[in-house]
Amino acid sequence: MRRMEPGEARNTLSQLRRGAVEYCVLALLRDGERYGFELVRKLSEVDGLVTSEGTIYPLLTRLRRDDLVTTFWQESESGPPRRYYRLTDNGREALAAFTADWIRFRDGVDALLTKGGAG
Amino acid sequence: MSTVQGHPLVDDYLRRLERAAAHLPRARRAELVAEIRRHVDEALLEASARDEVTVRNALERLGEPEEIAAAAGPPARDRGALELIAMILVAIPGIGWIAGAPLVAFSRAWAGREKALAVALCLLPVVLFAFGFVAVDGGGSSTPLPVDASPASPADELELGSDDGGIGPIEVVVVLLTLSAGPLAALYLGTRLRRPPAPGMSSA
Numbered sequence: 001m002r003r004m005e006p007g008e009a010r011n012t013l014s015q016l017r018r019g020a021v022e023y024c025v026l027a028l029l030r031d032g033e034r035y036g037f038e039l040v041r042k043l044s045e046v047d048g049l050v051t052s053e054g055t056i057y058p059l060l061t062r063l064r065r066d067d068l069v070t071t072f073w074q075e076s077e078s079g080p081p082r083r084y085y086r087l088t089d090n091g092r093e094a095l096a097a098f099t100a101d102w103i104r105f106r107d108g109v110d111a112l113l114t115k116g117g118a119g
Numbered sequence: 001m002s003t004v005q006g007h008p009l010v011d012d013y014l015r016r017l018e019r020a021a022a023h024l025p026r027a028r029r030a031e032l033v034a035e036i037r038r039h040v041d042e043a044l045l046e047a048s049a050r051d052e053v054t055v056r057n058a059l060e061r062l063g064e065p066e067e068i069a070a071a072a073g074p075p076a077r078d079r080g081a082l083e084l085i086a087m088i089l090v091a092i093p094g095i096g097w098i099a100g101a102p103l104v105a106f107s108r109a110w111a112g113r114e115k116a117l118a119v120a121l122c123l124l125p126v127v128l129f130a131f132g133f134v135a136v137d138g139g140g141s142s143t144p145l146p147v148d149a150s151p152a153s154p155a156d157e158l159e160l161g162s163d164d165g166g167i168g169p170i171e172v173v174v175v176l177l178t179l180s181a182g183p184l185a186a187l188y189l190g191t192r193l194r195r196p197p198a199p200g201m202s203s204a
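Set out below in structure tokens:
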């Protein structure tokens with residue numbers, strides 16, 4: 001058995017965050033396509049979710065490789081062409097499954113954390 | 001195509017990223033660097049400024065290049081069949097090394113100096129072997145083999161060096177070294193295999 005280190009709570013949180021971010025990307029794409037920069041900025045606006053914006057790009061590559069999103073290029077009026085991301089059917093399914101699991105998980109942990117499981 | 005090309009801070013940042021991502025396949029590395037470059041473009045476009053403070057802020061928000069490269073992780077193939085086959089081959093002296101070396105060289109699961117060390121491990125007994133025999137053939141009374149520190153008579157060694165077919169302590173040691181070098185090199189390669197990416201990132 002390993003002793004719990006003082007910094008471990010933060011560590012746990014950063015792992016939870018890492019696991020959740022990819023579904024947050026999928027969630028941002030639920031209602032339509034977005035381009036990379038836009039996705040990254042949207043995620044950054046959520047307090048405590050993304051510490052280094054650059055790490056989102058490898059994640060986007062992985063989501064594409066896992067066929068959860070597809071990409072396409074589109075011209076922009078303000079600058080060079082942008083790469084847009086769109087949810088695939090697989091992505092939509094993965095998002096729905098995670099959302100259901102997450103809500104159960106969150107409610108259970110919330111109940112224990114706030115009430116200590118009493119009642 | 002890029003509006004920020006030529007900005008020294010951005011160039012420096014992208015070079016660091018390129019270096020940090022050296023373990024990725026070329027295409028993936030190029031893609032990652034291009035994505036980050038586009039991101040900086042967009043950030044500066046959005047800020048409609050490209051003074052030093054704006055650039056620094058944009059780069060700071062991106063995070064350390066090393067962190068981004070680490071998030072990209074090693075390609076899945078890097079802990080795959082290629083490396084297993086390469087390690088098995090390397091463990092077999094002689095023909096195995098010849099077949100295994102290109103696989104090790106081709107793999108991205110190991111850094112250049114790790115590959116070099118593994119090859120050196122395999123070659124060491126061969127070099128000692130050759131060196132030892134040359135020294136004996138050359139009429140020298142001692143060989144560079146450490147076992148020579150034992151007070152074996154020079155006559156014995158001369159006999160071993162010639163093609164009399166006698167099996168002496170030096171040959172036994174050399175053969176043992178030769179046989180164990182491969183497995184040792186394979187073991188070393190096994191311990192140096194790149195670790196999988198951070199947990200939670202790859203599961204989908």
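Protein chains in written order, with the working numbering: chain A, 1 to 119; chain B, 1 to 204. Just so it is clear, CB atoms sit at the ideal spot from N, CA and C, and this is done for glycine as well. From a predicted model like this one, the values you see are computed outputs, not experimental measurements.
The contact set of A:Val40 on chain B, defined by CB atoms closer than 8 Å, consists of His39 in chain order.
Boundaries of the alpha helix (DSSP H) around A:Arg64: 56-65. In terms of CA proximity to B:Val40, B:Leu62 leads the group B:Leu89, B:Leu84, B:Leu62, B:Val174. Assigned with DSSP and collapsed to three states, A:Val69 falls in strand. Setting aside the 5 residues that flank it on each side, A:Gly36 is surrounded in the same chain by Arg83, each with a C-beta closer than 6 Å to its C-beta; the list follows chain order.
The C-alpha of B:Arg28 is placed about 25 Å away from the C-alpha of B:Arg56. For A:Arg17, the enclosing alpha helix (DSSP H) starts and ends at 8-28. With a threshold of 16 other beta carbon atoms within 10 Å, B:Glu35 meets it and is buried. Note that the C-beta distance between B:Leu124 and B:Ala181 is below 8 Å.
With a 10 Å radius around the Cβ and a threshold of 16 neighbouring Cβ atoms, B:Phe106 comes out exposed.
Counting other Cβ atoms within 10 Å of its Cβ, B:Ile98 stays below 16 and is therefore classed as exposed. One Cα belongs to A:Leu112, the other to A:Phe105, and the distance between them is close to 11 Å. Within chain A, the C-beta atoms nearer than 8 Å to that of B:Gly63 come from Thr51, Ser52, Glu53, Gly54, Thr55, in chain order. Contact of A:Thr71 with chain B is not assigned, every C-beta pair being separated by 8 Å or more. DSSP places A:Leu49 in no beta strand (DSSP E); its state is neither H nor E. Per DSSP, B:Leu84 is one residue of the alpha helix (DSSP H) stretching across 81-91.
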